[in-house]
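K.L.:
Dropping the structure in here first, questions after.
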Amino acid sequence: PHPRPRVAWHALDVADVQDRLEQETEPEPGVVEQATARMREAAERAGRVRVLAPVRWSWQLARAVRGELDDPLTPVLAVGSAASAILGSVVDAALVVGALDLNALVGGFQRLRAERALSGLLAEQKQKARVSDESPLEAAEAPADGDEAPAGEPRIVDAAKLHPGQVIELKADDVVPADARLLWEDGLEVDESALTGESLPVDKCVDPAPKAPVAERYCMVFEGTTVVAGRARAVVVDTGEHTEAARAVALAARTPAAAGVQARLQELTRKALPLTMAGGAAVTGISLLRGTPIRQAVAGGVSVAVAAVPEGLPLVATVAQLAAARRLSRRGVLVRTPRTLEALGRMDTVCFDKTGTLTENKLRLTRVAGTDGTVRKAGDPDAAGTVRVAARACPRLNGDGARPTHATDEAVLDAAGPDPEWTQDEGLPFETSRGYAAAVGRDGDGTPVLVVKGAPETVLPACAGPPSHASEAAHDLARAGLRIIAVASRPLGKGERAADVLEQPLSGLEFTGLLALADVARETSPALVRGLREAGVRPVVLTGDHPGTARAIAVDLGWPEDAVVVTGDELAAADRRARSRMLRDADVVARVAP
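Heads up: the sequence shown begins at 1 in this note's numbering, then just goes up one per residue.
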């Protein structure tokens, strides 16, 4: 069937999304499609029967061996061995066939082991989804005060059974089961690093975003991304192969051109086969002219032709690749096809996904700006006071000692360390609509204090006479791609109650400082980059992050201060020759989409 045309769901409002989904209703499957689906389900059920496991395993091994026989030398050697057998040289034919089969069996067995390991990993990650029976317009209504979510009791279903038009519920720690258009959200933040490479959680909203790239479609949630905070309802618009994640996988799964030994064998076969056949024919002809019986003459020609083909080379290459695959497996690397390992020894450029590969994919406190405007590194003793106030504004630890789930709170608490002198009385967790988190508690002297941390544009106006440099410092740090948090506090007045203070608008705060958070580099990454450079391999960073963030991380990893940074938009606007030149010179490619 022809693929369904892609719709710019992010450019439509909720009413238009519902209308378009009604128009996009899939037709009922025909009799043939239904019968095929039933046969496939029956085959899958039979395949899960334990008694049939050996049969299933043998069939899978046979398919893997068949794939390994897809080699340029296979037809030549097969014809030669058949000719040898017909002419009476059964031993020669058996040796050639044995070499072919052994090579294919070893490679197929390795591929089957890798496939089964991957299947086991996927089976452990079977995903569920919460589905509501409401229409998109009904689900878009905001809940009443005190309600946990819009009205309606969700059903738990397999994510694989979702279809466009269904309404799903999302909350913190959920993995988004399909591409969906947001209908309603409450402080929703999503980690989209797996899709876009953006290391910081993305604040979501329901407003349309026409002509926006994938990383800036704030009214959409995408399959495979993770909800960090908040809750939401969304209508499924794309599933399966139509999702953005599946599109990226399809682009990566395109069959690559033959390389290494396989490419050399193809070239050798193309060039040497005519000469080999000519040599065999010449030997046969000369033998016949000398009066040799025709059977012996043809046998001699076939032997010469087969001897000119390096039938042992694929086996030697496969054994070497399998040895490398076993060494990698001891280090936790799963090698699906051993042939791909050969390319590792010939690479001169390696492109790394920054988020989660070179970095930890976890927010860390990196810099602190104090009341005097000085920007210090995290861990500096002069910055400890600001960090401690920010940590006191985080939600109170649960009774079981569990940390808050919000990535920003975790980063601040990790940087601050224990604070036994602080006792929190009341807390107000962060919400995107409010723009800050706050808490009221008591220090060692027992004085009640209000502590606040949040967006600079919310906290700074509530401060009484904030330093003139505070706003400028916040903008400078933000331009570097860092997440900025403003911190402030004030003592409670006589007679003020904690609950009343938290409900009132912020005012009269004393500015304490700014925190800058980012996804930091792994401890092993600088040594990796240095080792690649020493081996003559050029490393390149690929990321969906802000160019400033990408450059800062690259410099921390060992790239020079003047590292060349290009963006996805610049590459898209360039012609083919200019794009090749830019990629050849680039050290960092930022704001790229799959």
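For every residue, glycine included, the Cβ atom is placed at its ideal position computed from N, Cα and C.
For the segment 143–203, list the alpha helix (DSSP H) runs that are entirely contained and at least 4 residues long, ordered along the chain.
P.N.:
As far as the segment 143–203 is concerned, its whole alpha helix (DSSP H) runs of at least 4 residues are 193–196.
K.L.:
Could you name the residues that DSSP lists as bridge partners for I484?
P.N.:
Position 484 of the sequence shown, counted from the first residue, corresponds to residue 484. Answer is A516, bridged to I484.
K.L.:
Buried or exposed, going by whether 16 or more other CB atoms sit within 10 Å of the CB of G230?
P.N.:
Start at 1 with the first residue of the sequence shown, and residue 230 comes out as number 230. That one is buried.
K.L.:
Kindly list the residues whose CB is nearer than 6 Å to the CB of A93, restricted to its own chain and excluding five residues on each side of it in sequence; keep chain order.
P.N.:
Taking the sequence shown and counting its residues from 1, the one referred to as residue 93 is at position 93. Excluding residues within five positions, the ones whose Cβ falls inside 6 Å are S81, S84 and A85.
K.L.:
Helix, strand or coil for L69, going by three-state DSSP, please let me know.
P.N.:
Position 69 of the sequence shown, counting from 1, holds the residue named residue 69. L69: coil per DSSP, three-state reduction.
K.L.:
For P539, report the span of its beta strand (DSSP E) as first-last.
P.N.:
Translated into the one-based positions of the sequence shown, residue 539 becomes position 539. Where P539 is concerned, the enclosing beta strand (DSSP E) stretches over R538 to L542.
K.L.:
Closest to W422 by CA distance: which of A391, R264 and R295 is it?
P.N.:
The residue labelled residue 422 in the question sits at position 422 within the sequence shown. Checked all of A391, R264 and R295; the closest Cα to W422 is A391.
K.L.:
If you count every other CB in all the chains shown that lies within 10 Å of the CB of N398, and 16 or more means buried, which is it?
P.N.:
Walking along the sequence shown from the start, residue 398 turns up at place 398. At N398, the pLDDT of 43 sits below 50, so the modelled position is not reliable; the number obtained from the coordinates is stated separately. That one is exposed.
K.L.:
What is the residue span of the alpha helix (DSSP H) that V448 lies within?
P.N.:
In the sequence shown, counting from the first residue as 1, residue 448 sits at position 448. The sequence shown places Pro at residue 448, not Val. P448 -> not in any alpha helix (DSSP H); beta strand (DSSP E) instead, spanning P448 to G454.
K.L.:
For G508, which of A498, G493 and D191 has the nearest alpha-carbon?
P.N.:
Here residue 508 corresponds to residue number 508 of the sequence shown, with the count starting at 1. Closest option to G508, Cα to Cα, is G493.
K.L.:
Between the Cα of R346 and the Cα atoms of A578, L275 and R538, which residue gives the shortest distance?
P.N.:
On the sequence shown, residue 346 is found 346 positions in, with the first residue counted as 1. With distances taken between Cα atoms, R346 lies closest to R538.
K.L.:
Beta carbon of E534, beta carbon of A464: below 8 Å?
P.N.:
Taking the first residue of the sequence shown as position 1, residue 534 is located at position 534. Taking the first residue of the sequence shown as position 1, residue 464 is located at position 464. Not a contact, by the Cβ cut-off of 8 Å.
K.L.:
In the DSSP assignment, what residue or residues form a beta bridge with R442?
P.N.:
Reading the sequence shown from its first residue, position 442 is the one you call residue 442. T423 and P448, per the DSSP bridge assignment.
K.L.:
For Y436, list the residues DSSP reports as bridge partners.
P.N.:
The residue given as residue 436 occupies position 436 in the sequence shown. According to DSSP, which records beta bridges pairwise, Y436 is partnered with G454.
K.L.:
What is the residue span of the alpha helix (DSSP H) that L413 lies within?
P.N.:
For this step, residue 413 is matched to residue 413 along the sequence shown. Looking at the DSSP string, the run of the alpha helix (DSSP H) that includes L413 is A407 to A416.
K.L.:
Would you report the Cα separation of D284 and G291, rounded to the nearest angstrom?
P.N.:
Taking the sequence shown and counting its residues from 1, the one referred to as residue 284 is at position 284. Taking the sequence shown and counting its residues from 1, the one referred to as residue 291 is at position 291. Strictly speaking, residue 284 in this sequence is Thr, with Asp absent from that position. Between T284 and G291, the C-alpha separation is close to 11 Å.
K.L.:
Under 8 Å, do P213 and A11 count as touching if we go by C-beta distance?
P.N.:
Within the sequence shown, the letter at position 213 stands for residue 213. Within the sequence shown, the letter at position 11 stands for residue 11. In this structure, A11 does not lie closer than 8 Å to P213 by Cβ.
K.L.:
For A383, collect the residues of the same chain with a Cβ closer than 7 Å to its Cβ; drop the 5 residues on either side in sequence, then sort them by chain order.
P.N.:
Numbered from 1 along the sequence shown, position 383 holds the residue referred to as residue 383. The answer, listed in chain order, is V368, G370 and R376.
K.L.:
Between which two residues does the beta strand (DSSP E) carrying R364 extend?
P.N.:
One-based indexing of the sequence shown puts residue 364 at position 364. Looking at the DSSP string, the run of the beta strand (DSSP E) that includes R364 is T359 to A369.
K.L.:
Compare the C-alpha of H163 against each of P177, R551, V565 and P338 and name the closest.
P.N.:
Along the sequence shown, read from residue 1 onward, the residue named residue 163 stands at position 163. Here the closest residue by C-alpha is P177.
K.L.:
Check for me: the alpha helix (DSSP H) holding V304 runs from which residue to which?
P.N.:
For the purposes of this step, residue 304 is taken as the residue at position 304 of the sequence shown. V304 -> alpha helix (DSSP H) spans I294 to A307.
K.L.:
Going by other Cβ atoms of all chains shown within 10 Å of its Cβ, with 16 needed for buried, is E244 buried or exposed?
P.N.:
For this step, residue 244 is matched to residue 244 along the sequence shown. So E244 counts as buried.
K.L.:
Only counting the same chain, and skipping five residues up and downstream in sequence, which positions put a Cβ closer than 8 Å to that of V592?
P.N.:
Counting from 1 along the sequence shown, the entry for residue 592 is found at position 592. G197, L542, T543, G544, T567, G568 and L571, listed in sequence order.
K.L.:
Could you round the C-beta distance between E426 and L502 to whole angstroms and report it? I think they count as a contact, below 8 Å.
P.N.:
Sequence index remark: in the sequence shown, residue 426 carries index 426 (1-based). Sequence index remark: in the sequence shown, residue 502 carries index 502 (1-based). So it is a contact: roughly 6 Å between Cβ atoms.
K.L.:
Verify whether the separation of the beta carbon atoms of Q609 and S303 is less than 8 Å.
P.N.:
Here the chain has residues from 1 to 594 only, and residue 609 is not among them.
K.L.:
Using CA coordinates, which residue listed in A478, R551 and P466 is at the minimum distance from L517?
P.N.:
For the purposes of this step, residue 517 is identified with residue 517 of the sequence shown, where counting begins at 1. Closest by alpha carbon: A478.
K.L.:
Within 10 Å of its beta-carbon, does G156 have 16 or more other beta-carbons around it, so buried, or fewer, so exposed?
P.N.:
Locating residue 156 in the sequence shown gives position 156, counting from the first residue. Note on residue identity: the sequence assigns Ile, not Gly, to residue 156. By the neighbour-count rule (16 or more Cβ atoms within 10 Å), I156 is not buried but exposed.
K.L.:
Can you list, in chain order, the residues of its chain whose CB lies under 8 Å from that of D380, leaving out five sequence neighbours each side?
P.N.:
For this step, residue 380 is matched to residue 380 along the sequence shown. The answer, listed in chain order, is V368.
K.L.:
How close, in whole Å, do the beta carbons of K354 and I553 come, if the pair is a contact with beta carbons under 8 Å?
P.N.:
Counted from its first residue, the sequence shown places residue 354 at position 354. Counted from its first residue, the sequence shown places residue 553 at position 553. 6 Å between Cβ atoms; contact.
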